[in-house]
Amino acid sequence: MRKISLIALVLFGALLLYASSGLPGHGDPDGPSHRERSRAGSPVAAAHYIRHAQGDAASPNIVTVVLADYRGFDTLGETVVVLTAGLVCYLILRRSP
Amino acid sequence: MTSSSRNPILITASRLLAPFIQLFALYVIFHGHFGPGGGFQGGALLAASILMLRLSVGAERSELKFRKSWGTPVGALGAMIFAGTGLLTLLLGGRFLEYHFLPLPDLSRAELHSTGILLIEVGVSLAVMAVLVAIYDDIMEGPGGD
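First to last, the sequence lines map onto chains A and B. The numbering used here applies: residue 6 is where the first sequence begins, and numbers increase by one. The numbering used here applies: residue 13 is where the second sequence begins, and numbers increase by one.
Structure representation (structure tokens):
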């Protein structure tokens, strides 16, 4: 059983490596995430962010603008996740008086 | 829980380092608009400075900086600052987290967005700092502890 899982693991790794050879390079202007429109014809978000981030939020850091403004609701969820982790540690680890 | 070894070099070095780490954390939080940084990273740095004091000078003295009982409430306060900013814009006629409805005069729409981002970064940093310190305190106190 271990041999079979090992072989499956190696095969899957080889498949992933083979698939990664088809990815676009870093900063490739023709990559799918850098296009104006996707193959289906819908507008791609990244181009909108890069074009409008500084004008929308007076901040040259596009990452911050995406994190806290365009995706602010998502970041609220992340903060609640962190807080939930703290509360769970409190509930499990602290002995009740 | 007190630290068993009171090494004066460790105590002096950590007490000297802690304010500078905290200052750098504030820089990371408030400079997040212009460079790498933001609430999560700055909160982790603040927590690192407090945990360093917890480890070196002992839990009792480092409680002068941040009490054990503050962890969970301050974390909740941070999340509430974030959610409160969103609810404030919601009450003032905008959508959730639509920062240009914040009630601050003499600021353009883009500057209001920048201010709103700063507000929620402060909330995130408070939550991250307090929760990291609280998890450490919970583990140290633990079911096996006193």
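Even for Gly, the Cβ is constructed at its ideal location relative to N, Cα and C. These figures come from a predicted structure and were not determined experimentally.
Residue i, buried or exposed, once every other Cβ within 10 Å from all chains shown has been counted against 16
| i | result |
| --- | --- |
| S10(A) | exposed |
| F78(A) | exposed |
| N66(A) | buried |
| F94(B) | buried |
| M6(A) | exposed |
| F46(B) | exposed |
| S64(A) | buried |
| G128(B) | buried |
| F17(A) | exposed |
Interface partners of residue i on chain B, CB under 8 Å
| i | result |
| --- | --- |
| P65(A) | H45 and F46 |
| G82(A) | Under the 8 Å cutoff, chain B gives no residues; its nearest Cβ is about 10 Å from G82(A). |
| A50(A) | Correct list: empty, because the minimum Cβ distance to chain B is about 17 Å. |
Proximal residues to residue i (C-beta, below 7 Å), its chain only, five neighbours per side dropped
| i | result |
| --- | --- |
| A60(B) | I33 |
| D149(B) | K80 and G83 |
For residue j and residue i, believed in contact at Cβ under 8 Å, the rounded distance
| i | j | result |
| --- | --- | --- |
| T84(A) | A139(B) | 5 Å |
| A122(B) | A62(A) | 6 Å |
| V143(B) | A90(A) | 6 Å |
| G98(B) | F108(B) | 5 Å |
| K77(B) | L89(B) | No, K77(B) and L89(B) are not in contact; Cβ-Cβ is about 17 Å, not under 8 Å. |
| L98(A) | E153(B) | 7 Å |
Within chain B, partners of residue i - CB distance below 7 Å
| i | result |
| --- | --- |
| Y95(A) | T84, A146 and D150 |
| D79(A) | The contacting residues do not exist; D79(A) stays about 10 Å from chain B at best. |
| A73(A) | I129, I132 and E133 |
| R99(A) | D150 and E153 |
9 Å Cβ cut-off: residues of chain B touching residue i
| i | result |
| --- | --- |
| V85(A) | A91, F94, A95 and A139 |
Own chain partners of residue i with C-beta closer than 6 Å, once the 5 adjacent residues on each side are dropped
| i | result |
| --- | --- |
| S68(B) | L22, I23 and S26 |
| G49(B) | V40 and H43 |
Cross-chain neighbours of residue i in chain A, by beta carbon under 7 Å
| i | result |
| --- | --- |
| F108(B) | F78 |
Beta-carbon neighbours of residue i, restricted to chain A and to distances below 9 Å
| i | result |
| --- | --- |
| G50(B) | N66, V68, T69, L72 and A73 |
Exercise. Is it true that the region 100-113 of chain B meets the region 84-91 of chain B, where meeting means three or more beta-carbon pairs spaced less than 8 Å apart?
Worked result: no
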